[in-house]
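Residue numbers (the working numbering): 163 to 749.
No residue lacks a Cβ here, since even glycine has one placed at the ideal position from N, Cα and C.
Some notes on the structure that comes next.
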């Protein structure tokens, strides 16, 4: 760190001090080079004080060595400066102190009197002036340090960018709002064919509209996920990790690698630590019991079979199980067995050797099981798998190794398998569509995910969660649901479960202009006459129910001879009973 880094500022400060105090000012660095001054020192900027002898016997050299301030009342002493030895120093008095940053002395700042009047004033106010120049010394040290830090940061940035630009792996840096601050050459190639300036400054959601990178910034948790990049028919392994400053998230670094899969197949996803059992919405007894079972199951390596209707959250449970397991820091690879064409599913699962079939890449390709090695593979919609693939999967589960298509070299596996289906596998076994031995191998730990209609007490929490999520994504402000709209949600069976519920909320948020969702802005399937209700009809229904209860007590419970006894039996006050009887017209 050098004071010379801020020489123009040093001179400005020297001139300011001189004009305010009407005393000459001199500022030198730790090599005794004059960096700033007033009066005669202005002409000497750039030359040396004390002949540049930092180990010499004079005042400034001693201050650099000892680091102590000094007040000189008699400049004729031999050890003031070289001129004092000749008996003719121009200076008559001086106050000076070191400019220090931590343990390093950067230079010296001094107030100098050249006339008797200046000397008298300097020595009369020496304590006050010493305090003043010590503060100026602190300011100069801070400015030099800041300049040094900026230069180091610039150098570090240049070095870092040089290193990143040479990486084969794509790298993107985003700030805490998701704005792209840097992309290396590999990332530009992977993302699009345009140049860097077309990407810098954009928000990451401009590249991936539903990017999980924003969730990383919100959750402060890493993730790894395969993402399809629009426009180049290219699929990538995309990873993101937040970085911090003083305990606060200031951005994220995103890594991209190309992942080639056969044309027409569905991309897989590898999730990081975004999902946990706490992220599964619901506090009903049935869902809490299921969470406890799943937590216990997560600690083992046994296969798990998740069953349940479409939209119940089987994928969420699979990810939560992985992230609660000892494999949490290893890959989580998901593949939908029903979404990939039958002729491609085998190569996607087990990989192939080069040249093993027409159209195969000459270098071959690893399958999803190899990508998941050490971690977890989630086989969604396992009931859609063809019988010949069921046999091969069974052999992999039993033997803990696989062979690629066209290969004869066994590849050892350490993979935890979680399978899921919305079909009744036992019925499929009965009609010969699913192998019984594979079923038993998969369902070591069976977990049944309940449909939403069997845990209606969770509906309110899910409504609140999805409403907040959709309002954030669509930048809307909606406080809740009107009573009529809430009634419609509560009295619908939700055959599509949580997925259907979320879609319904998304529709409402798009359509609604009020602060509460109104019944006219509900999806059509929530608007049939049987689901429609008004506040007045709801109130009338409740009143009729109360009337029936009171009449039943009066007519059927003859032992209650007085209204006091009736009120006590109903556990309401007499006043409330009188009010209800009068309101309902009961004499």
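(message) Here's the rule: buried if 16 or more other CB atoms are within 10 angstroms of the residue's CB, otherwise exposed. What is residue 802?
(response) Limits of the chain in this structure are 163 at one end and 749 at the other, which puts residue 802 out of reach.
(request) Give every residue of the same chain whose Cβ lies closer than 7 Å to the Cβ of residue 307, excluding the five residues on either side of it in the sequence, and list them in chain order. (result) Excluding positions up to five away in sequence, the list reads 163, 263.
(request) Taking all protein chains shown into account, decide if residue 493 is buried (16 or more other Cβ within 10 angstroms of its Cβ) or exposed. (result) Buried, because 16 or more other Cβ atoms sit within 10 Å of the Cβ of residue 493.
(request) May I have the straight-line CA-CA distance separating residue 224 from residue 271, to the nearest angstrom? (result) Straight-line measurement puts the Cα of residue 271 at about 14 Å from the Cα of residue 224.
(request) Can you say whether residue 168 is buried or exposed, counting buried as having 16 or more other CB atoms within 10 angstroms of its CB? (result) Buried, since its Cβ has 16 or more Cβ neighbours within 10 Å.
(request) Look at the Cβ atom of residue 363, then the Cβ atom of residue 348, and state whether they are nearer than 8 Å. (result) Between residue 363 and residue 348, the gap from beta carbon to beta carbon reaches 8 Å or more.
(message) I need the DSSP call for residue 388, collapsed to helix, strand or coil.
(response) Reliability of the predicted coordinates at residue 388 is poor, the pLDDT of 47 falling under 50, and the value obtained from them is presented with this limitation in mind. It is a strand residue.
(request) Kindly list the residues whose CB is nearer than 7 Å to the CB of residue 471, restricted to its own chain and excluding five residues on each side of it in sequence; keep chain order. (result) Counting only residues of its own chain and dropping the five nearest sequence neighbours on each side, residue 471 has a CB closer than 7 Å to the CB of 584, 613, 659.
(request) Using 10 angstroms around the beta-carbon of residue 656, count the other beta-carbons present and answer buried if the total reaches 16, otherwise exposed. (result) Buried, since its Cβ has 16 or more Cβ neighbours within 10 Å.
(message) Determine whether the beta carbon atoms of residue 281 and residue 254 lie at a separation below 8 Å.
(response) Taking 8 Å as the cut-off, the beta carbon of residue 281 is found closer than this to the beta carbon of residue 254.
(message) With H, G and I counted as helix, E and B as strand and the rest as coil, what does DSSP make of residue 684?
(response) Of the three classes helix, strand and coil, the one that applies to residue 684 here is coil, per DSSP.
(message) Comparing C-alpha positions only, which one of 346, 368, 735 sits nearest to residue 419?
(response) Nearest option by C-alpha distance: 346.
(message) In the DSSP output, what is residue 574 paired with across the bridge?
(response) Under DSSP, residue 574 takes part in a beta bridge, and its partners are 563.
(request) Could you tell me if residue 517 is buried or exposed, where buried requires 16 or more neighbouring beta carbons within 10 angstroms of its beta carbon? (result) With fewer than 16 other Cβ atoms within 10 Å, it is exposed.
(message) Can you look up residue 178 in the DSSP assignment and give me helix, strand or coil?
(response) Residue 178 falls in the helix class under three-state DSSP.
(message) DSSP three-state label for residue 186, please.
(response) The three-state secondary structure of residue 186, taken from DSSP, is strand.
(message) Here's the rule I'm using: 16 or more other beta-carbon atoms within 10 Å means buried, otherwise exposed. How should residue 539 be labelled?
(response) With 16 or more other Cβ atoms within 10 Å, it is buried.
(request) With a threshold of 16 other CB atoms inside 10 Å of the CB of residue 202, please say whether the residue is buried or exposed. (result) Under this definition residue 202 is an exposed residue.
(request) Look up residue 332 in the DSSP assignment and give the residues it is bridged to. (result) The beta-bridge partner set that DSSP reports for residue 332 consists of 418.
(request) Whole angstroms is fine: what's the gap from residue 609's alpha carbon to residue 615's? (result) Cα to Cα, the separation comes out at about 18 Å.
(request) May I have the straight-line CA-CA distance separating residue 303 from residue 293, to the nearest angstrom? (result) Residue 303 and residue 293: Cα-Cα distance of roughly 15 Å.
(request) Would you mind giving the Cβ-Cβ distance between residue 567 and residue 628, rounded to the nearest angstrom? I have them listed as a contact below 8 Å. (result) 42 Å between Cβ atoms; not a contact.
(message) Since residue 208 and residue 193 should fall inside the 8 Å C-beta cutoff, what is the C-beta to C-beta distance between them, to a whole number of angstroms?
(response) About 12 Å separates the beta carbons of residue 208 and residue 193, which is beyond the 8 Å limit, so they are not a contact pair.
(message) Whole angstroms are fine: how far does the CA of residue 246 sit from the CA of residue 182?
(response) For residue 182 and residue 246, the gap between their C-alpha atoms comes out near 28 Å.
(request) Would you mind reading off the limits of the beta strand (DSSP E) that contains residue 258? (result) Element bounds for residue 258: 255-263.
(request) Give the range of the beta strand (DSSP E) segment to which residue 269 is assigned. (result) Element bounds for residue 269: 266-275.
(message) I'd like to know whether the C-beta atoms of residue 581 and residue 467 end up nearer to each other than 8 Å.
(response) The beta carbons of residue 581 and residue 467 sit closer together than 8 Å.
(message) Is the separation between the beta-carbon of residue 596 and that of residue 630 shorter than 8 Å?
(response) Going by beta carbons, residue 596 and residue 630 fall outside the 8 Å limit.
(request) Could you spell out where the beta strand (DSSP E) holding residue 199 opens and where it closes? (result) Unbroken beta strand (DSSP E) run through residue 199: 196-199.
(request) Have a look at the DSSP bridge pairing and note the partners of residue 341. (result) Partner(s): 365.
(message) Let me check understanding here. Comparing Cα to Cα, which of 237, 313, 261, 305 lies closest to residue 278?
(response) Checked all of 237, 313, 261, 305; the closest Cα to residue 278 is 237.
(message) Quick check: the Cα distance between residue 744 and residue 732, rounded to an integer number of angstroms?
(response) Put simply, the backbone Cα of residue 744 is about 16 Å away from that of residue 732.
(request) Measure the beta-carbon distance from residue 256 to residue 234 and round it to whole angstroms, keeping in mind my assumption that it falls under 8 Å. (result) Rounded, the Cβ-Cβ distance is 4 Å, consistent with contact.
(message) Can you look up residue 477 in the DSSP assignment and give me helix, strand or coil?
(response) In this structure, DSSP gives residue 477 a helical state, which the three-state scheme calls helix.
(message) By the three-class DSSP mapping on this structure, what secondary structure does residue 581 have?
(response) Strand.
(message) Is the separation between the beta-carbon of residue 611 and that of residue 737 shorter than 8 Å?
(response) In this structure, residue 737 does not lie closer than 8 Å to residue 611 by Cβ.
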